[in-house]
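Let me begin by presenting the structure, written as structure tokens, before commenting on it.
Structure representation (structure tokens):
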């Protein structure tokens, strides 16, 4: 479901990795941008011009995407051999924020999560608070049309790594978990995917 979004991030990261550049940024506070309220211009006002812009079609709605990416060979990655990078993606409908996603392989602010714990999440039983306690702080949040109808915000966990170089070739890995909730704040849908090589 989120393959197209992650493809945009992957392309941006590869572009950056060839030059190991981009403008560094800090992950905004969780309360900095509100889904359904924050506007496109407010995000740009705080973060500046994005590295890349694009459009997506999600649930019959045109969605504008902007991506901020930073990578460097001089930073400290979470895993040895990984090129440390971070990306922040924002999604808008009619210039209103409908999704945001942070991905980092830097040790200091990595977005890694324990996918072995996904089996402990039970549809119709596990509550939103239980998810946060089990999985930690989500790296993404989404509302319609980024996800189908959900009570409150759907949350996501995404981690991606890139190894190698321009001459040896890049080896990429990505894993992603998306959780939606019902009106009782119980998990109503679980989507997990992983691709590439570690």
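Residue numbers (our numbering): 9 to 206.
We put the beta carbon where it would ideally sit given N, CA and C, even for glycine.
Residue i by DSSP, collapsed to three states: which one?
i, result
"residue 197", "strand"
"residue 151", "coil"
"residue 142", "helix"
"residue 130", "coil"
"residue 136", "helix"
"residue 34", "coil"
"residue 52", "helix"
"residue 66", "strand"
Suppose contacts are defined by Cβ-Cβ distances below 8 Å. Is residue i in contact with residue j by that definition?
i, j, result
"residue 108", "residue 41", "yes"
"residue 76", "residue 93", "no"
"residue 64", "residue 161", "no"
"residue 170", "residue 74", "no"
"residue 158", "residue 196", "yes"
"residue 175", "residue 204", "no"
"residue 49", "residue 86", "no"
"residue 110", "residue 35", "yes"
"residue 84", "residue 115", "yes"
"residue 100", "residue 72", "yes"
Provide the residue span of the beta strand (DSSP E) that contains residue i, from first to last.
i, result
"residue 93", "93-101"
"residue 57", "From DSSP, residue 57 is part of no beta strand (DSSP E); its letter is neither H nor E."
"residue 109", "104-112"
"residue 189", "177-189"
"residue 73", "69-79"
"residue 173", "162-173"
Tell me whether residue i is buried or exposed, calling it buried when 16 or more other Cβ atoms sit within 10 Å of its Cβ.
i, result
"residue 61", "exposed"
"residue 183", "buried"
"residue 97", "buried"
"residue 137", "exposed"
"residue 185", "buried"
"residue 125", "exposed"
"residue 78", "buried"
Check your understanding: Any chance the region 94-107 sits against the region 142-153, with 3 or more Cβ pairs inside 8 Å?
Key -> yes
Review point. Does the pairing of the region 115-125 with the region 160-177 give three or more beta-carbon distances under 8 Å?
Key: yes
Exercise for review: Mind the definition here: the region 141-148 touches the region 121-132 only if three or more C-beta pairs lie below 8 Å; say whether that holds.
Suggested key: yes
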